[in-house]
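If you read the sequences in order, they're chains A and B.
So for the first sequence, this note's numbering puts the first residue at 14; every next one is plus one.
So for the second sequence, this note's numbering puts the first residue at 140; every next one is plus one.
All residues carry an ideal CB built from backbone N, CA and C; glycine is no exception.
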Amino acid sequence: MLRIKKLKARVKDGPEILHGITLTVNAGEIHAIMGPNGSGKSTLARILAGHPDYEVTGGDVHFQVNGEWQDLLGMEPHERAKAGVFLAFQYPVDVAGVSNVTFLLAAYNAIRRARKEPEADAFEFRELLVEKAALIDLDPSYLDRAVNLDFSGGEKKRNEILQMAVLEPTLAVLDETDSGLDVDSLRIVAEGVNRLHAAHRAVLMITHYQRMLNYITPQFVHIMMDGRLVRSGDAQLAHEVENRGYDWLKETA
Amino acid sequence: MKTRFVGLGEGYAALFNAQRGGVLDPPWLAGRRDDAFARLQQSGLPTRHVEEWKYTDISFLAGQTPAAPVGDAVAVDPARLPMWHEDDLNIVLVDGRLQQELSPALESGLLEWARLGDLGKNPETTPVAAHPAALLHAAFVHDGVLVRIPANAQLARRVHILLLHASLTPHALLAPWVAIFAGANSQARVVITAYSLSDAACLHLPRVMVSADSESNLAISQAQLLNTQSWQLATSRVELQRDAHVAHLEAGLGAALARHDLTAVLLESGARVELNGLYALDGKRHADFHTLIEHRQPNCSSRQVYKGILAGKAAGVFNGAVRVFPGASGTDGYQLNKALLMSREAQMFSKPELLIDNDDVKCSHGATIGQINPQELFYLQSRGIPEAQARHMLARGFVEDIMFQQGDDRLRADLDGALDRYFAAHE
Ligand SMILES: Nc1ncnc2c1ncn2[C@@H]1O[C@H](COP(=O)(O)OP(=O)(O)OP(=O)(O)O)[C@@H](O)[C@H]1O
Ligand SMILES: [Mg+2]
């Protein structure tokens with residue numbers, strides 16, 4: 014479903030951060046990426062979503078939409094979302110003056126339009142939203158608040174999962190969605206991800222902690238160091254990193 | 140030498156003389172009219188070399204030939220207007236003239252009212268200011284309505300005064316006058332909407348006078364929705380007595396050039412006034428908001444927040460003056476002006492003026508000029524919202540708090556409709 018080949022990228026007018034990433038994610042799979050701070054994990058995630066701060070200098074990324082491979086890097090950010098890519102931000106952005114429900118209705122209908130499905134009216138959409146919010150234990154009052162504004166760290170992360178649940182992407186890229194969550198929130202967020210996960214969907218989760226992987230079991234774990242994937246393995250690799258840190262992997266890089 | 144004023148073209152005198160002969164003015168009004176026109180002819184219109192008009196050029200108006208709004212006009216069916224609500228207390232003026240048959244509110248028994256020409260004396264307490272808009276209005280005023288909200292009345296229904304521009308005559312000069320007198324301890328919500336049905340350019344010169352008696356509580360909203368060819372020079376004066384509260388909101392969404400001089404005078408202690416504004420400009424449109432708040436007595440408060448969205452090559456001006464008189468201790472004044480520039484070429488000129496003659500005051504002001512935050516934009520886009528729509532949502536969000544200021548859902552929906560049309564024009 015996602016094929017990243019020798020991807021090189023830099024911050025616009027800045028140094029190269031990704032030095033050649035190759036990664037294939039198939040439908041139904043869950044992948045985890047771990048790695049030290051500053052190694053380029055979020056950069057990879059943002060590039061997949063089309064963040065304008067970065068410039069791809071080499072390689073390519075293809076994404077399968079209804080069985081057809083498409084050039085992901087050639088698409089606008091909103092087109093990627095419509096194609097089925099969803100990025101749960103490491104640092105969700107707050108948006109003053111735009112309520113969660115207004116924001117999500119616009120997003121939902123944009124995606125419905127693209128899928129040639131009928132648009133929802135504000136009334137039915139609210140019902141859907143209240144239902145989804147209950148699943149992640151988010152009080153309905155948050156729906157009328159400005160997007161992420163004055164939300165706690167954990168609430169912002171849950172709000173990302175709410176958006177994912179509403180938009181039903183085929184590829185969910187979760188950038189440290191588990192960071193800063195208390196145990197209950199962690200379970201709720203993990204359940205949200207598991208609920209979405211299905212044979213025709215895939216998850217790419219970036220994390221620092223093995224504990225998230227107790228709830229969501231990845232088939233593949235990759236270690237990113239200094240802009241490269243230096244090691245791939247199964248869930249066991251996450252345990253190893255938890256015990257030994259990253260230093261022992263440096264030599265292999 | 141720099142030319143500071145330009146003389147009025149002959150068209151003004153011709154129109155003045157034609158109108159004067161035909162209008163049945165009471166003596167006080169005729170005298171006021173003559174006096175204003177004489178002063179205007181002497182002063183002419185300011186150029187940008189006059190400090191007060193540094194950013195707004197109206198001198199070109201001097202060379203135009205203003206017309207009386209006679210001849211062809213768009214048929215007026217108020218019920219078909221987007222902002223018409225049947226159960227408001229509606230009062231309609233068309234091309235500056237009160238239309239009694241379109242104004243059922245006048246028969247409702249809930250309001251006391253009078254026509255300008257029927258008043259035995261001048262309801263304005265101050266002489267006509269040496270200001271081109273005030274002088275033009277006083278010289279050319281056609282008609283107007285005075286509405287009195289009886290003391291202790293609590294009006295459950297909104298009063299909606301529509302100033303409609305229907306004339307198809309180019310450069311029609313329209314000078315309506317609206318006075319709202321709120322009796323002691325009364326409570327009301329008044330909306331004044333200027334709206335073009337016609338596509339012709341008009342010169343709109345409205346004057347709004349508000350007097351809030353002690354302990355009254357008024358929400359006054361002025362929405363300017365003229366067509367984008369027209370010019371508006373508006374003056375408003377709000378006077379507050381002891382413990383009165385006025386929440387004023389203005390929305391400037393139309394006109395090619397709009398200037399509004401809004402003065403609020405806190406005449407007695409305990410009075411509170413809020414002036415909020417929102418505007419949206421594009422193309423080469425220009426809007427200039429001059430506010431003046433006079434704190435004359437102790438323990439009054441004023442709060443003003445103006446926010447504007449500027450696209451294309453539009454220019455906005457905000458000049459907010461707060462004047463605290465020597466005796467006005469315990470004054471609390473707050474002013475904030477924010478502009479969102481949607482393009483590189485849009486411009487904003489912002490100038491606060493604090494004139495404080497007392498030590499025991501709390502006055503603060505701030506101004507910011509910003510652009511759409513790219514991180515917010517990307518966040519919205521990453522959820523499937525196309526860039527143009529995302530920008531509009533963020534711009535709409537920028538004025539969101541102003542939209543809620545009056546607690547008037549109807550007004551908010553109407554302004555949202557106007558903002559939607561504004562945004563749709565850029566898609
Ligand atoms: N927009 C940007 N502007 C400047 N530098 C950037 C930008 N984005 C990333 N970088 C730099 O690129 C490197 C990789 O950053 P990135 O955020 O991808 O790391 P990460 O692996 O996600 O780290 P963490 O685990 O701390 O979240 C860092 O050195 C960072 O400072
Ligand atoms: Mg990161």
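Paired residues, beta bridge with threonine 125 (chain B) - DSSP: With chain B covering only 140 through 566, there is no way to say anything about residue 125 (chain B).
Three-way DSSP call (helix, strand, coil) for glutamate 29 (chain A) in this model: strand
Rounded distance between the beta-carbons of valine 186 (chain A) and glutamate 515 (chain B), thought under 8 Å: In fact, because the Cβ distance is near 19 Å, the residues do not count as touching under 8 Å.
Counted within 10 angstroms of its Cβ, other Cβ atoms place tryptophan 192 (chain B) as buried (16 or more) or exposed: buried
Close beta carbons around leucine 431 (chain B), own chain, < 6 Å, minus the five adjacent residues each side: Thr402 and Ala460
At least 3 beta-carbon pairs within less than 8 Å: the segment 98-118 of chain A vs the segment 162-179 of chain A: yes
Neighbouring residues, chain A, relative to serine 335 (chain B) (Cβ below 7 Å): Ordered by position in chain A, no residue passes the 7 Å Cβ test against serine 335 (chain B), which lies about 28 Å from the chain.
Cross-chain neighbours of phenylalanine 136 (chain A) in chain B, by beta carbon under 9 Å: Near phenylalanine 136 (chain A) there are no residues of chain B at all, since even the closest Cβ is about 16 Å away, more than 9 Å.
Contact set for alanine 177 (chain B): own chain, Cβ-Cβ below 8 Å, skip 5 residues either direction: none
Per-residue DSSP class, three states only, for arginine 16 (chain A): strand
Where glycine 205 (chain A) falls: helix, strand or coil (DSSP): helix
Cross-chain neighbours of proline 90 (chain A) in chain B, by beta carbon under 7 Å: Within chain B, the residues near proline 90 (chain A) are Phe517, Gln520 and Ser521.
Residue span of the beta strand (DSSP E) that contains valine 284 (chain B), given as start and end: 282-288
Segments assigned alpha helix (DSSP H), at least 4 residues, entirely inside the segment 72-122 of chain A: 90-96
Contact with chain D by aspartate 540 (chain B), beta-carbon distance below 9 Å: Looking for chain D here will not work: the only protein chains present are A and B.
Span of the alpha helix (DSSP H) around glutamate 137 (chain A): 135-148
First through last residue of the alpha helix (DSSP H) which encompasses threonine 264 (chain B): Careful: threonine 264 (chain B) lies outside any alpha helix (DSSP H) and carries neither H nor E.
CA-to-CA distance, leucine 294 (chain B) to leucine 142 (chain A), given in whole angstroms: 38 Å
Chain-ordered neighbours of aspartate 524 (chain B) on chain A, where CB pairs are closer than 7 Å: The sequence shown places isoleucine at residue 524 (chain B), not aspartate. Neighbours of isoleucine 524 (chain B) on chain A, chain order: His91, Ala119, Ala120 and Ala123.
Contact between the segment 265-273 of chain B and the segment 179-189 of chain B (3+ Cβ pairs under 8 Å): yes
Asparagine 256 (chain A), buried or exposed, once every other Cβ within 10 Å from all chains shown has been counted against 16: exposed
Residue interval of the alpha helix (DSSP H) (run including isoleucine 359 (chain B)): Note, isoleucine 359 (chain B): premise wrong, no alpha helix (DSSP H); beta strand (DSSP E) at 356-364.
Segment limits, beta strand (DSSP E) that includes tyrosine 418 (chain B): 411-420
N-terminal and C-terminal residue of the alpha helix (DSSP H) that glycine 248 (chain B) is part of: Note, glycine 248 (chain B): premise wrong, no alpha helix (DSSP H); not H, not E.
CB-CB length for tyrosine 222 (chain A) against aspartate 191 (chain A), believed under 8 Å: 6 Å
Straight-line gap, isoleucine 201 (chain A) to alanine 251 (chain A) (C-alpha atoms, nearest Å): The alpha-carbon atoms of isoleucine 201 (chain A) and alanine 251 (chain A) are separated by roughly 21 Å.
Rounded C-alpha distance that separates proline 289 (chain B) from arginine 159 (chain B): 34 Å
Continuous beta strand (DSSP E) stretch holding aspartate 449 (chain B): start and end: The amino acid at residue 449 (chain B) is misidentified as aspartate; the sequence shows leucine. 440-449 is the span of the beta strand (DSSP E), which, as asked, contains leucine 449 (chain B).
Aspartate 260 (chain A) in three-state terms, based on DSSP: helix
Three-state class that DSSP yields for glutamate 567 (chain B) in the structure shown: As shown, chain B starts at 140 and ends at 566. That puts residue 567 (chain B) outside it, with no answer to give.
Short Cβ contact (9 Å threshold) for arginine 435 (chain B) with leucine 405 (chain B): yes
Inter-residue CB distance, alanine 397 (chain B) and alanine 426 (chain B) (contact presumed, cutoff 8 Å): Yes, alanine 397 (chain B) and alanine 426 (chain B) are in contact; Cβ-Cβ is about 5 Å, under 8 Å.
beta-carbon glycine 33 (chain A) near ligand 1 non-hydrogen atom, thresh 8 Å: For ligand 1, no non-hydrogen atom lies closer than 8 Å to the CB of glycine 33 (chain A).
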